[in-house]
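K.L.:
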Amino acid sequence: MSIRSFLMNSMAFRNMMLLSGYENNYSLKKGEFTPYFSYVIGPYQREGFLLNFPKEPYAEQYYNAIFIKLYAYNAADAVKYIQVHYDLYADKPDFLKFLQLELRHRISWLGRKSKESKVIKWLSIMNLSLEWVEKELSEIDDLRKQVMYNQFVRNDLTVMVKNELQGSGNASTLNDIDIDKLAVRVGEKVQPFVEMIMHKVDDRLIAQQQTGSITLTNIHLKERLIGLFQALKELQKEAKSKTGLKHIQGEPLFTKMDNIDIAHLLLNFVPFNQSKIDAAEQQYYRVRNNLDRDNPAYQQLNKALQKYFFG
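Listed below in structure tokens is the structure:
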């Protein structure tokens, strides 16, 4: 048994190695990953949008290469790069969900070092890429609704037309093709009314959201409000090791506070209260990703919150 295998069979050593970054949950076999972005094996080629590896990569190498290549493009070419791989990958929603989560994670992680010029560029590229991904996801959702409506027309409405014709004694004069055509024509007339009803339902759902009407004196302070919620979410009691030489992670203010929780809080404030929950969540993401945690005012806020909650 190798030393690595021996260590990984010990829970204590395994957890220590995972937390320290010496190990990860990816397979050590080359090529054991989902190829969201297409790649070729061979000598390095600057041209083209495909990923390029000298030999079959490991999972972690592959996933990192996706974003290293992304960072090397300007904004327009970065979107083209994503579009090429999106077109090549069969499961479009799966590709978009993967990229959405990865971009959010990397934006959040890089945000801690946002003073470096190259990191600022990377964050800008990723935010633009994320906007494109979320636009595509929205269009897929709209298309899904349209497909569902068409299925209703082709199935339920066709049955309704057949039943109506049979009741009137005219069914014998029409074949299935004629009935289908009639159902489609009726569906085209019905669709605008269905869409109007759906919009009214959406508006009613927005009105029924648990929202408040707290109004800021200055609307320009809304981003500062999000910063305050983020500071509360990240707040942890300062603690020191037994030797007193270094800080260790203390207990947090909240045992659990998700991003969606902050979005729900924002719905209690004007102008957020006129937004859908996902729109409020997007505004939160945008402000959080641009938050400068080294700003003296933000650090002073953290110290004041530390003193207030933890003494």
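Each residue of the sequence shown is one higher than the one before, starting from 1044 at the first, in my numbering.
Built from N, CA and C at the ideal position, the CB exists for glycine as well.
Please look up how many angstroms separate the CB atoms of residue 1081 and residue 1148, rounded, as I've assumed it's under 8 Å.
P.N.:
Position 38 of the sequence shown holds residue 1081. Position 105 of the sequence shown holds residue 1148. No, residue 1081 and residue 1148 are not in contact; Cβ-Cβ is about 22 Å, not under 8 Å.
K.L.:
Suppose you measure from the CA of residue 1235 to the CA of residue 1333; what does that come to, to the nearest Å?
P.N.:
Here residue 1235 is taken as the residue at index 192 of the sequence shown, counted from 1. Here residue 1333 is taken as the residue at index 290 of the sequence shown, counted from 1. Taking the straight line from one Cα to the other gives about 41 Å.
K.L.:
Mark residue 1062 as exposed unless 16 or more other C-beta atoms lie within 10 angstroms of its C-beta, in which case mark it buried.
P.N.:
The sequence position of residue 1062 within the sequence shown is 19, counting from 1. Residue confidence is low: residue 1062 scores 47 on pLDDT, short of 50, so the model does not pin down where it sits. No coordinate-derived value is stated.
K.L.:
Can you tell me which of the three DSSP states residue 1145 falls into?
P.N.:
For the purposes of this step, residue 1145 is identified with residue 102 of the sequence shown, where counting begins at 1. Looking at residue 1145 - three-state DSSP - the assignment turns out to be helix.
K.L.:
Would you check if the distance between the CB atom of residue 1109 and the CB atom of residue 1131 is smaller than 8 Å?
P.N.:
Within the sequence shown, the letter at position 66 stands for residue 1109. Within the sequence shown, the letter at position 88 stands for residue 1131. No, the pair does not count as a contact, with Cβ atoms beyond the cut-off.
K.L.:
So, is residue 1087 buried or exposed, given that buried needs 16 or more other C-beta atoms within 10 angstroms?
P.N.:
Along the sequence shown, one-based indexing puts residue 1087 at 44. That one is exposed.
K.L.:
Cutting at 6 Å between CB atoms, please list the residues of its own chain near residue 1092, excluding the five before and the five after it.
P.N.:
Translated into the one-based positions of the sequence shown, residue 1092 becomes position 49. In chain order, 1124, 1127 place their CB closer than 6 Å to the CB of residue 1092, counting only its own chain and leaving out the 5 sequence neighbours on each side.
K.L.:
Just the C-alpha distance for residue 1273 and residue 1294, rounded to the nearest angstrom, thanks.
P.N.:
Position 230 of the sequence shown, counted from the first residue, corresponds to residue 1273. Position 251 of the sequence shown, counted from the first residue, corresponds to residue 1294. For residue 1273 and residue 1294, the distance between alpha carbons rounds to 16 Å.
K.L.:
Within its chain, find whatever has a CB closer than 7 Å to the CB of residue 1138; leave out the 5 residues flanking it on each side and keep chain order.
P.N.:
Residue 1138 sits at position 95 when you count from the first residue of the sequence shown. So the qualifying residues of the chain are 1079, 1129, 1132.
K.L.:
Mind checking residue 1323: buried by the 16 CB within 10 Å criterion, or exposed?
P.N.:
The count along the sequence shown starts at 1 and reaches residue 1323 at position 280. Looking at its Cβ environment, which holds 16 or more other Cβ atoms inside 10 Å, residue 1323 is buried.
K.L.:
Contact between the stretch 1309 to 1319 and the stretch 1334 to 1346: three or more CB pairs below 8 Å?
P.N.:
As far as the Cβ criterion goes, the stretch 1309 to 1319 does not touch the stretch 1334 to 1346, which means the pair count is below three.
K.L.:
With the cut-off set at 8 Å, would you say residue 1268 and residue 1259 are in Cβ contact?
P.N.:
Working through the sequence shown from its first residue, we reach residue 1268 at position 225. Working through the sequence shown from its first residue, we reach residue 1259 at position 216. Taking 8 Å as the Cβ cut-off, residue 1268 and residue 1259 qualify as a contacting pair.
K.L.:
State the Cα-Cα distance for the pair residue 1347 and residue 1335, rounded to the nearest angstrom.
P.N.:
Locating residue 1347 in the sequence shown gives position 304, counting from the first residue. Locating residue 1335 in the sequence shown gives position 292, counting from the first residue. Distance between the alpha carbons of residue 1347 and residue 1335: 17 Å.
K.L.:
Is DSSP giving residue 1126 helix, strand or coil here?
P.N.:
For this step, residue 1126 is matched to residue 83 along the sequence shown. Note: residue 1126 maps to helix in three-state DSSP.
K.L.:
Check whether the Cβ atoms of residue 1328 and residue 1309 lie closer than 8 Å to each other.
P.N.:
What you label residue 1328 is simply residue 285 of the sequence shown in a count that begins at 1. What you label residue 1309 is simply residue 266 of the sequence shown in a count that begins at 1. Cβ atoms of residue 1328 and residue 1309: not closer than 8 Å.
K.L.:
Along the chain, where does the beta strand (DSSP E) containing residue 1328 start, and where does it finish?
P.N.:
In the sequence shown, residue 1328 corresponds to position 285, counting from 1. Run containing residue 1328: none in the beta strand (DSSP E); it sits in the alpha helix (DSSP H), 1320 to 1332.
K.L.:
Would a C-beta distance cut-off of 8 Å place residue 1118 and residue 1168 closer than the cut-off?
P.N.:
For the purposes of this step, residue 1118 is taken as the residue at position 75 of the sequence shown. For the purposes of this step, residue 1168 is taken as the residue at position 125 of the sequence shown. Against a cut-off of 8 Å, the Cβ pair of residue 1168 and residue 1118 comes out as a contact.
K.L.:
Check for me: the beta strand (DSSP E) holding residue 1082 runs from which residue to which?
P.N.:
Numbered from 1 along the sequence shown, position 39 holds the residue referred to as residue 1082. Here the beta strand (DSSP E) through residue 1082 covers 1082 to 1084.
K.L.:
Note down the Cα distance separating residue 1263 from residue 1164, rounded to an integer number of angstroms.
P.N.:
Position 220 of the sequence shown holds residue 1263. Position 121 of the sequence shown holds residue 1164. Roughly 25 Å between the two C-alpha positions.
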